[in-house]
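**Q** One structure follows; several queries about it will come next.
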Amino acid sequence: GENVEQHPSTLSVQEGDSAVIKCTYSDSASNYFPWYKQELGKGPQLIIDIRSNVGEKKDQRIAVTLNKTAKHFSLHITETQPEDSAVYFCAASKGSSNTGKLIFGQGTTLQVKP
Amino acid sequence: GAVVSQHPSWVICKSGTSVKIECRSLDFQATTMFWYRQFPKQSLMLMATSNEGSKATYEQGVEKDKFLINHASLTLSTLTVTSAHPEDSSFYICSAMGTPQAADTQYFGPGTRLTVL
Chain A
15 GENVEQHPST
25 LSVQEGDSAV
35 IKCTYSDSAS
45 NYFPWYKQEL
55 GKGPQLIIDI
65 RSNVGEKKDQ
75 RIAVTLNKTA
85 KHFSLHITET
95 QPEDSAVYFC
105 AASKGSSNTG
115 KLIFGQGTTL
125 QVKP
Chain B
24 GAVVSQHPSW
34 VICKSGTSVK
44 IECRSLDFQA
54 TTMFWYRQFP
64 KQSLMLMATS
74 NEGSKATYEQ
84 GVEKDKFLIN
94 HASLTLSTLT
104 VTSAHPEDSS
114 FYICSAMGTP
124 QAADTQYFGP
134 GTRLTVL
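Protein sequences appear in the order of chains A and B.
When we follow this note's numbering, the leftmost residue of the first sequence carries the number 15, and every step to the right adds one.
When we follow this note's numbering, the leftmost residue of the second sequence carries the number 24, and every step to the right adds one.
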């Protein structure tokens, strides 16, 4: 079945540095790729998403890139701040015209040191 | 926009009792709602998918008689954990999908921490 691999599992950066989290997916029919941020004891919060007809999307300090040929997508956070510290999950879906189910990666714990 | 609430945020119950968790989409009508459980330091595990007015579709290995899901309206889904046992203790999270602006996007609730004594 569909599988999403996420790396690294933990990432520690200095405040102001950039952080990159990478995911690969197995099902070439996947066409929707959201990223979620989860703080301790809370539900995941959507931070950015990308669809398969786009190669890159940016929202202020956050960007996502998608390489459909290689079946991988990445989250880039620039100028990291301590409040960026959280667990980040990537996910892949075949869209709401299918079941809309999300297949999640294993998560990356990001620590931003002040 | 796209706010999803859950109630209660936490619950403690005795072994053998049943617990109901509510999930509501506050500002949109959700065509589909999903229920997940999450163990500490792990990813989200999908339990079931529910569409309004239809029976839920459960993932492999999830007991449908133990985890009862009702999706009676476009804004409300409930998960009932029946005859709860300590191994059912977990963080249960719902999500809702179906905003006019982003039909593919799942918006998550804040989660419910269930502790079974």
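Even glycine gets a Cβ: it sits at the ideal position worked out from N, Cα and C.
Would you say B/Ile145 and B/Gln52 are within 9 Å of each other, going by their C-beta atoms?
**A** Look at the range of chain B in this structure, 24 to 140, and you will see that residue 145 of chain B is not part of it.
**Q** A/Phe103 versus chain B: which residues are under 8 Å apart at the beta carbon?
**A** Ser66, Leu67, listed in chain order.
**Q** Just checking my contact of B/Thr40 with B/Ala95 at CB under 8 Å: how many whole Å lie between their CB atoms?
**A** At roughly 23 Å, the Cβ-Cβ gap does not stay under 8 Å, so B/Thr40 and B/Ala95 are not in contact.
**Q** Taking A/Thr123 as the reference, give the member of B/Lys43, B/Pro63, B/Ser73, B/Thr54 with the closest Cα.
**A** Here the closest residue by C-alpha is B/Pro63.
**Q** Do B/Glu45 and B/Thr80 have their CB atoms nearer than 9 Å?
**A** Against a cut-off of 9 Å, the Cβ pair of B/Thr80 and B/Glu45 comes out as no contact.
**Q** When the Cα atoms are used, what is the spatial distance from A/Leu89 to A/Arg75?
**A** Going by the C-alpha atoms only, they are around 11 Å apart.
**Q** How is the beta strand (DSSP E) around B/Asn93 delimited, first residue to last?
**A** From DSSP, the beta strand (DSSP E) with B/Asn93 extends over 90 to 96.
**Q** Is A/Pro48 helix, strand or coil when you go by DSSP?
**A** Three-state result, A/Pro48: strand.
**Q** Express the C-alpha separation of B/Val26 and A/Lys115 in angstroms, rounding to a whole number.
**A** Whole-angstrom Cα-Cα distance: 19 Å.
**Q** Using 8 Å for Cβ pairs, my map puts B/Val139 next to B/Ser77. What's the rounded Cβ distance?
**A** Between B/Ser77 and B/Val139 the Cβ distance is about 29 Å, and since that is not below 8 Å, they are no contact.
**Q** Using DSSP's beta-bridge definition, name the partner residues of B/Thr135.
**A** Paired residues: B/Tyr115.
**Q** DSSP state of A/Glu97, grouped into three classes?
**A** In this structure, A/Glu97 counts as helix in the three-state DSSP scheme.
**Q** Tell me, which residues are paired with A/Leu124 by DSSP?
**A** DSSP lists A/Leu25, A/Ala100 as partners of A/Leu124.
**Q** State yes or no: is the C-beta of A/Val34 within less than 9 Å of the C-beta of A/Ile117?
**A** The answer is no: Cβ separation not under 9 Å.
**Q** DSSP state of B/Glu110, grouped into three classes?
**A** Of the three classes helix, strand and coil, the one that applies to B/Glu110 here is helix, per DSSP.
**Q** Take B/Phe90 and list the residues in its own chain whose beta-carbon comes closer than 8 Å to its own, dropping the five residues that flank it on each side.
**A** These residues qualify, in order along the chain: Trp58, Met70, Ala71, Tyr81, Leu102, Thr103, Val104, Thr105.
**Q** Run down chain B in chain order and give the residues with a C-beta less than 9 Å from the C-beta of A/Tyr46.
**A** Within chain B, the residues near A/Tyr46 are Asp127, Thr128.
**Q** Give the secondary structure of B/Gln129 by DSSP, where H, G and I count as helix, E and B as strand, and everything else as coil.
**A** Of the three classes helix, strand and coil, the one that applies to B/Gln129 here is strand, per DSSP.
**Q** DSSP on B/Thr40, reduced to helix/strand/coil?
**A** Coil.
**Q** Would you decide whether B/Asp50 is buried or exposed? Buried here means 16 or more other CB atoms lie within 10 Å of its CB.
**A** When all chains shown are included, B/Asp50 counts as exposed.
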